[in-house]
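Adding 147 to a residue's 1-based position in the sequence shown gives its number in this note's numbering. Beta carbons: idealized from backbone N, C-alpha and C, even for Gly. Only a predicted model underlies this, so the values are computations on that prediction, with no experimental measurement involved. Report on the structure given below.
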Amino acid sequence: MTQVTEHGAGVWSLRVPIPDNPLGHTLVHVLDTARGPVLVDTGWDDPDSWAELTAGLGALGLGARDVHGIVVTHHHPDHHGLSGRVREESGAWIAMHAADIAVVRRTRDSAPGSWLDYLARKLAAVGAPEEHTAPLLAARAAGRMRTLPGLRSALPDREIVPGELLDLAGRRLRAVWTPGHTPGHVCLHLEEAHPAGLPGHGRLFSGDHLLPGISPHIGLYEDPDDATVTDPLGDYLGSLERVGRLGVAEVLPAHQHAFPDAAGRVRELLAHHEERLTGLLALLAVPLTPWQLAERMEWNRPWDRIPHGSRTIAVSEAEAHVRHLVKRGRAEPVAGTDPVAYVAV
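Here's what the structure looks like:
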């Protein structure tokens, strides 16, 4: 049975499944406006996900053809995947922050296989062993790139401008730029009184930025053509503090469940990352590559039980933390190492 949750004052959430993923589902939010319903995210591009999305809309007396617009918190396929399908059905506009629009455009325009080429080079540069990169090179040689998610994601036709109200008739929804999880991640502040009278200033559609029981993945912003040294973890920590100051009454995230006390959750996440950074400094008492660091970090399971794809994500997170320590002046690369190793200072 489709699970639809009413949040009051013309806001609902629909559970849209993510195939073969421990997160289970994306919470797609439906926001009623004077011009018709607007979706905040759409879910994974999969037949079962589409069936659940349309069933959820049907439970509200709506169809995909009724959707007026789509606001995408970020470009990941469990959020943006079905946007194109909804637009085909309804002619709805799709809005996204410019930084993530650039990711979508770059992915669409890239030659098949170029992403795997880049990823294999990147992994080798951070110390990944040959047995980890070999499956990527084999997939590249076999031409299996076309099955990866996000390669043909819909190109948004509206840009979300941070700090501005979105053009939603009868609603006050303000964009809050919250980079970290992706370079163009946005939260959406519904600047209206809480329908149940909870204290605070409105509600926040938080995407993956602020979740009640999970710290979102903070990896690197990947652009093979840009040599700029970014600091996604620093961006995320700054974004957390900015959201914490909004004083919202309730958070409506894209995974798990709605929750109050955004400021309290922000404090928990800031403390979590400070604790992790402190632990990494202890590990970096001896020089380690990002791969060696990832092997020694604490994850939700032992390293030897982490699947291949998740190891790639883990080493990206390790490198993002090291990069932030370098920016703080707490770690530095060891001269002459290849792949590069880092040590605490």
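| query | result |
| --- | --- |
| Local Cβ density within 10 Å of Thr201, reported as buried at 16 or more and exposed below that | buried |
| 4 or more residues per run - each alpha helix (DSSP H) lying fully within the segment 158–243 | 194–206, 224–227, 230–237 |
| Local conformation of Tyr368 per DSSP, three classes | coil |
| Sequence-distant residues of its chain with Cβ nearer than 8 Å to Val473 (five each side left out) | Glu479, Pro480, Tyr489 |
| Own chain partners of Tyr265 with C-beta closer than 7 Å, once the 5 adjacent residues on each side are dropped | Pro371 |
| Of the listed residues Gly456, Pro437, Ala343, nearest to His154 (C-alpha basis) | Ala343 |
| Neighbour-count burial assignment, Glu502, 16 or more Cβ in a 10 Å radius | Coverage of the chain is limited to positions 148 through 492, which leaves residue 502 absent and any answer about it impossible. |
| Range of the contiguous alpha helix (DSSP H) that encloses Glu153 | Glu153 -> not in any alpha helix (DSSP H); beta strand (DSSP E) instead, spanning 151–153. |
| Rounded C-alpha distance that separates Leu424 from Glu311 | 34 Å |
| The segment 270–281 contacting the segment 250–257, beta-carbon criterion three pairs below 8 Å | no |
| First and last residue of the uninterrupted beta strand (DSSP E) at Gly354 | 350–354 |
| Beta-carbon proximity check, Gly274 vs Thr436, cutoff 8 Å | yes |
| Under the three-state DSSP convention, the category Trp438 falls into | helix |
| Backbone CA spacing between Ala156 and Val177 [nearest angstrom] | 11 Å |
| Contact belief for Ala466 with Ile365 at Cβ below 8 Å, rounded distance in angstroms | According to the sequence shown, residue 466 is Glu rather than Ala. No, Glu466 and Ile365 are not in contact; Cβ-Cβ is about 10 Å, not under 8 Å. |
| Glu479, enclosing beta strand (DSSP E) - first and last residue | 478–480 |
| For Glu339, the three-state DSSP class (helix, strand or coil) | coil |
| Stretch pair the segment 299–307 + the segment 226–239: three plus CB contacts closer than 8 Å | yes |
| Backbone CA spacing between Ser261 and Val251 [nearest angstrom] | 15 Å |
| Presumed contact (8 Å Cβ cut-off) between His471 and Leu380, rounded CB distance | 4 Å |
| Short Cβ contact (8 Å threshold) for Val395 with Ala418 | no |
| Length of the line joining the Cα atoms of Leu320 and Arg392 | 17 Å |
| Proximity below 8 Å, CB of His404 to CB of Val333 | no |
| Whole-Å CB distance - Ala401 paired with Thr173, under 8 Å assumed | 6 Å |
| For Trp99, three-class secondary structure by DSSP | Beyond the ends of the chain as shown, which are 148 and 492, falls residue 99; an answer cannot be given. |
| Own chain, CB closer than 7 Å to Ala432, minus 5 neighbours either side, in chain order | Ala491 |
| Cβ-Cβ separation, Leu367 to Leu377 (assumed contact under 8 Å), whole Å | For the record, residue 377 in the displayed sequence is Thr; it is not Leu. Right, their Cβ atoms sit about 7 Å apart. |
| Residue from Gly317, Leu204, Thr220, Asp213 whose Cα sits closest to the Cα of Val187 | Thr220 |
| Per-residue burial, Met148 [other beta carbons within 10 Å of its own, 16 or more giving buried] | Because the pLDDT at Met148 is just 47, under 50, the model does not fix this residue reliably, and the value given afterwards should be weighed accordingly. Burial call: exposed. |
| Burial state of His455 (16 or more Cβ within 10 Å) | exposed |
| Ala405 (DSSP reduced to helix, strand or coil) | coil |
| Closest Cα partner of Leu315 within the set Val413, Leu357, Ala181 | Ala181 |
| Local conformation of Ala311 per DSSP, three classes | It should be noted that the sequence gives Glu, not Ala, for residue 311. Looking at Glu311 - three-state DSSP - the assignment turns out to be coil, as it is neither helix nor strand. |
| Close Cβ partners of Arg477 (< 7 Å) along its chain, the five nearest in sequence each way excluded | Leu428, Ala491, Val492 |
| C-alpha distance - Arg452 paired with Arg212, whole-angstrom precision | 44 Å |
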